[in-house]
Amino acid sequence: MRVLWLALALVTLGLLPSAVLAHEGTEVSVRGEVRPSGPIEVTGEEFAPNDVVRIELRKESVNPIELGRVPADGEGAFSATLHVPASVQPGLYQLAAEGQESDTTDVTVLEPAEGPVDIEPAPLAGGSVSNDRPTREVIGLAALTAAIALAAVGLLWLSRTHPKAAGT
Numbered sequence: 066m067r068v069l070w071l072a073l074a075l076v077t078l079g080l081l082p083s084a085v086l087a088h089e090g091t092e093v094s095v096r097g098e099v100r101p102s103g104p105i106e107v108t109g110e111e112f113a114p115n116d117v118v119r120i121e122l123r124k125e126s127v128n129p130i131e132l133g134r135v136p137a138d139g140e141g142a143f144s145a146t147l148h149v150p151a152s153v154q155p156g157l158y159q160l161a162a163e164g165q166e167s168d169t170t171d172v173t174v175l176e177p178a179e180g181p182v183d184i185e186p187a188p189l190a191g192g193s194v195s196n197d198r199p200t201r202e203v204i205g206l207a208a209l210t211a212a213i214a215l216a217a218v219g220l221l222w223l224s225r226t227h228p229k230a231a232g233t
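Structural data, given as C-alpha cells:
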C-alpha cells in the first residue's frame, strides 16, 4: 500500500510543474500610454477562432470597467483601439481579455493628458507587455506543490518509522 502512495505522490509531483507552466498560448498586450479619456490599443493572440472577446480593466475594490468587445479572427487574433472612460482613476490595473479563452496583463493608467488627447498611441520601447500567469496564482500553485511534496515525504517517513506488524 505504501508503494502505491509513494507512486501516486511521485506522479502528482511530476505533473504539477507542467500544470504551473502550461499557460502557454493566449496572450493579450497593450501598446502605448493609457490615460483616462484616451485610446488604448489592445492586441491578442491564440484566443478561440472567431470568438468575441470582452476587454475589461480590473482593480481591487473597483467594479470592472468594460472597454468593449472585440471579434477574434479565424486564427484567434485580434487588434483594436478602444476608449478609456474619463472616470478611470490613475493607477495599476489588470486588463482582462475574456472569451472562450482568457488572459490578463498589468497596465498602468497614467494621469490625464494636458491639452488634446493623442489619437495614435506610441509603441512601448520593449514591445508588448505580457503577464502569462498572475503572481498570486504562481505562488498558490507553488505552495500547493510544496504541500503535496511534504505530505509525500511525511507518508514515506511514517511508513519507515512505523512498519506494519507481521500478520496484520
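So the sequence shown is residues 66 to 233, counted in my numbering. No residue lacks a Cβ here, since even glycine has one placed at the ideal position from N, Cα and C.
Task: Proximity below 7 Å, CB of GLU106 to CB of ARG96 - done: yes
Open item on the list: For THR173 and ALA145, what's the separation of their Cα atoms in angstroms?
Closed with: 18 Å
Task: Neighbourhood of VAL100 by C-beta, 6 Å cutoff - its chain only, sequence neighbours within 5 removed - done: The residue asked about is misnamed: residue 100 is Arg in this sequence, not Val. Contacts found: LEU175, PRO177 and ALA178.
Task: Alpha-carbon spacing of GLY164 relative to ILE213, whole angstroms - done: 32 Å
Task: Nearest neighbour of PRO150, chosen from ILE130, GLU140 and LEU160 [CA to CA] - done: ILE130
TODO: Closer than 6 Å by C-beta to GLY133: which residues in its own chain qualify, once you throw out the five before and the five after it? Chain order, please.
DONE: ILE120 and LEU147
TODO: Would you mind stating whether ASP171 and VAL93 have Cβ atoms separated by less than 7 Å?
DONE: no
Task: Beta bridge counterpart(s) of ALA162 as assigned by DSSP - done: ILE120 and ASP168
Task: Separation of ALA216 from ASN128, as counted between CA atoms - done: 39 Å
TODO: Following the continuous beta strand (DSSP E) through THR108, name the residue where it begins and the one where it ends.
DONE: 104-110
Task: Cα-Cα separation, ARG123 to SER152 - done: 13 Å
Task: TYR158 to ALA137 span [Cα, whole Å] - done: 23 Å
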